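Asker: Protein chains in written order, with my numbering: chain A, 623 to 737; chain B, 85 to 200. The structure follows.
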Amino acid sequence: AQKVTQAQTEISVVEKEDVTLDCVYETRDTTYYLFWYKQPPSGELVFLIRRNSFDEQNEISGRYSWNFQKSTSSFNFTITASQVVDSAVYFCALSKGDSNYQLIWGAGTKLIIKP
Amino acid sequence: DAMVIQNPRYQVTQFGKPVTLSCSQTLNHNVMYWYQQKSSQAPKLLFHYYDKDFNNEADTPDNFQSRRPNTSFCFLDIRSPGLGDAAMYLCATSREGAGLAYNEQFFGPGTRLTVL
């Protein structure tokens with residue numbers, strides 16, 4: 623069965639610190655996709671990144687970076703030099719193997735950035 | 085800008101009084117989803133439309149229904165809201181098809197439903 627685990631329920635750091643959000647997944651599929659979404663207090667889920675199972679290259683987008691390691695079934699998300707606006711709940715999700723358009727969601731990590 | 089729009093943003097209804105939430109999209113995506121999200125939880129998929137085909141999740145209560153009259157619009161009907169149905173309802177869209185697997189979903193801002 624597929625599963626996504628975000629073990630960190632809540633993380634609190636001071637502004638400008640680096641922070642890493644962990645995501646561990648389980649799947650038997652050889653082809654799958656992983657996603658990260660941000661949900662600020664306003665409630666809207668904002669897509670951040672999609673990564674397919676054949677592309678283990680790490681990605682950097684400004685202060686955001688993602689580390690995908692199939693060997694440990696992890697897809698971790700790092701924010702460098704955090705800012706107050708980064709405060710949100712972050713969800714990691716995995717595409718279902720039996721259909722190409724449904725997601726299995728992690729429980730989310732609430733990130734609090736203190737000024 | 086292409087987007088997913090949900091109306092209203094906040095909805096208050098009375099216990100047992102039917103309510104309809106609406107979603108529209110300008111992305112021309114063929115798949116539309118309805119999620120329920122309760123406080124401090126991940127979104128829970130209620131159902132989705134793949135084009136005109138309706139797909140209900142096995143654990144979605146019969147109290148929840150949906151309509152998709154055309155590509156752009158999708159409605160969520162709650163026939164007899166209970167106190168436990170108070171939640172954020174999120175609409176999402178994606179573009180799916182042969183050779184276009186595992187695309188990201190784009191979400192609307194959500195409708196927060198209060199049941200009195």
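A virtual CB, placed ideally from N, CA and C, is assigned to each residue, including glycine. Keep in mind that this is a model prediction, so the values were computed, not measured.
Would you say L643 (chain A) faces chain B, with C-beta separation under 8 Å as the test?
Answerer: no
Asker: Where do the N-terminal and C-terminal ends of the beta strand (DSSP E) with C645 (chain A) fall, by residue?
Answerer: Careful: C645 (chain A) lies outside any beta strand (DSSP E) and carries neither H nor E.
Asker: For Q95 (chain B), would you say it is in contact with chain A, using Cβ-to-Cβ distances shorter than 8 Å as the test?
Answerer: no
Asker: Please classify L174 (chain B) as buried or exposed, where buried requires at least 16 other C-beta atoms within 10 Å of its C-beta.
Answerer: L174 (chain B) should be labelled buried.
Asker: Quick one: which chain B residues come within Cβ less than 9 Å of A729 (chain A)?
Answerer: S124, Q125, A126
Asker: Kindly indicate if chain A contains any beta-carbon less than 8 Å away from that of L174 (chain B).
Answerer: yes
Asker: Would you kindly report the start and end of the unbroken beta strand (DSSP E) that includes M172 (chain B)?
Answerer: For M172 (chain B), the enclosing beta strand (DSSP E) covers residues 171-178.
Asker: Which same chain residues end up closer than 6 Å to T177 (chain B) when comparing Cβ atoms and leaving out the 5 residues on each side of it in sequence?
Answerer: V88, Q109, L111, H113, M116, F190
Asker: Along the chain, where does the beta strand (DSSP E) that runs through M116 (chain B) open and close?
Answerer: M116 (chain B) -> beta strand (DSSP E) spans 115-121.
Asker: Identify every residue that forms a DSSP beta bridge with V668 (chain A).
Answerer: A:K660
Asker: Just to confirm, are Q628 (chain A) and I726 (chain A) a CB contact at a threshold of 8 Å?
Answerer: no
Asker: Under 8 Å between beta-carbons, which chain A residues line up against P193 (chain B)? List them in chain order, please.
Answerer: S664, G665, E666
Asker: Please identify the residue among A:G665, A:K638, A:L643 whose C-alpha is closest to the C-alpha of P193 (chain B).
Answerer: A:G665
Asker: Leaving out the 5 sequence neighbours to the left and right, which residues in its chain are closer than 6 Å to T104 (chain B) when beta-carbon positions are compared?
Answerer: In the same chain as T104 (chain B), and ignoring 5 residues on each side of it, the C-beta atoms closer than 6 Å to its own belong to F159, D161, in chain order.
Asker: Is D708 (chain A) helix, strand or coil when you go by DSSP?
Answerer: helix
Asker: Candidates A:C714, A:T653, A:A703, A:G728: which alpha carbon is nearest I735 (chain A)'s?
Answerer: A:A703
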